[in-house]
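Enquirer: The structure's right below; bear with me while I get my questions together.
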Amino acid sequence: MYSNIGVSQKLLGDLESSNASFHKGISLSKQNRRDQRTINRLYNNLATNFSFLKNTDSTKFYLNKVINYYKSTNQKFELSLAYLNKGQNKIFLKELDSALWYLKESLIEFKKKNHIPSKIENYRLLATTFLKKEKYEKALTYLDSAHQLSVEKHINYDLEHQYALYLSLIH
């Protein structure tokens, strides 16, 4: 329940309340000895909020917990989502080689599952990383892949980011 409330608060732009809801959910889950899967979903939600706030230390803390759990339980898709978030965090930290590793690892599972929204985000983040590494051809290749999927599947929420990247490649 607190996970859903926290997600709703995040969508409304209230990250402080969202984080409080996620923490409350974690606390209750630990008290009631609920399954670790719920706790790790809440950790992942916290990591994405902190990533959005560019609080890289907190993002790293929660993502490391989540990655360890998903590895130990062999939850490949969830691990790929955590790797995507870790890659984004590495971009913020300007650890571009590490970002590439995490993003390429996550893309493998997204391609297997053909999870279009995650593929789009992953391609855009790879394009961002290659742009920062001044590897413009590779950046353009990944950006074109993200854009093509977005247009083909009528997924519009990422287009603004993509167009901003196209402008960065022009300059």
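Numbering-wise (my numbering), the sequence shown opens with residue 12 and increments by one.
Heads up, the beta-carbon is just placed ideally off N, CA and C, and yes, glycines get one too.
Would you list, in sequence order, the uninterrupted alpha helix (DSSP H) runs of no fewer than 4 residues that lie entirely inside the segment 46-121?
Expert: 47-63, 67-83, 87-103, all fully within the segment 46-121.
Enquirer: How many angstroms separate the CA atom of glycine 17 from the CA atom of tyrosine 177?
Expert: Rounded to whole angstroms, glycine 17 to tyrosine 177 spans 33 Å at the Cα level.
Enquirer: Would you kindly check if the distance between the Cβ of tyrosine 80 and the Cβ of tyrosine 54 is under 9 Å?
Expert: Result yes, Cβ atoms of tyrosine 54 and tyrosine 80 sit closer than 9 Å.
Enquirer: In three-state DSSP terms, what is glycine 17?
Expert: If DSSP states are grouped into helix, strand and coil, glycine 17 belongs with the helices.
Enquirer: Using a Cβ-Cβ cut-off of 9 Å, state whether isoleucine 119 counts as contacting chain D.
Expert: Of the protein chains in the structure, only one exists, and it is not chain D.
Enquirer: For glutamine 173, is the classification buried or exposed, using 16 other Cβ atoms within 10 angstroms of its Cβ as the cut-off for buried?
Expert: So glutamine 173 ends up on the buried side.
Enquirer: In chain order, what residues of the same chain lie with their CB nearer than 7 Å to the CB of alanine 93, ignoring the 5 residues before and after it?
Expert: Closer than 7 Å at the Cβ level, and outside the excluded window around alanine 93, lie Asn55, Leu74, Val77, Ile78, Tyr81.
Enquirer: So, is histidine 182 buried or exposed, given that buried needs 16 or more other C-beta atoms within 10 angstroms?
Expert: With fewer than 16 Cβ atoms within 10 Å of its Cβ, histidine 182 is classed as exposed.
Enquirer: So the candidates are Tyr113, Lys164, Glu148, Thr49; which of them puts its Cα closest to the Cα of isoleucine 131?
Expert: Per the Cα distances, Lys164.
Enquirer: If you run the structure through DSSP and keep just helix, strand and coil, what is lysine 41?
Expert: If DSSP states are grouped into helix, strand and coil, lysine 41 belongs with the helices.
Enquirer: Note down, in chain order, each residue of its chain lying with its Cβ closer than 7 Å to the Cβ of asparagine 100, except the 5 sequence neighbours on either side.
Expert: Answer for asparagine 100: Ser62, Thr67, Thr70, Lys71, Leu74, listed in chain order.
Enquirer: Do serine 161 and leucine 170 have their CB atoms nearer than 9 Å?
Expert: In contact: serine 161 and leucine 170 (Cβ atoms closer than 9 Å).
Enquirer: Apply the 10 Å Cβ neighbour rule to phenylalanine 103 and answer buried if 16 or more other Cβ atoms are within range, or exposed otherwise.
Expert: Per the 10 Å Cβ criterion, exposed.
Enquirer: Grouping DSSP H, G and I as helix and E and B as strand, with all else coil, what is tyrosine 168?
Expert: Of the three classes helix, strand and coil, the one that applies to tyrosine 168 here is coil, per DSSP.
Enquirer: Lysine 87: which of Lys65, Lys124, Ser40 sits nearest, CA to CA?
Expert: That would be Lys124, whose Cα lies nearest to the Cα of lysine 87.
Enquirer: Please classify asparagine 125: does DSSP put it in a helix, a strand, or coil?
Expert: Residue state, collapsed to three classes: coil.
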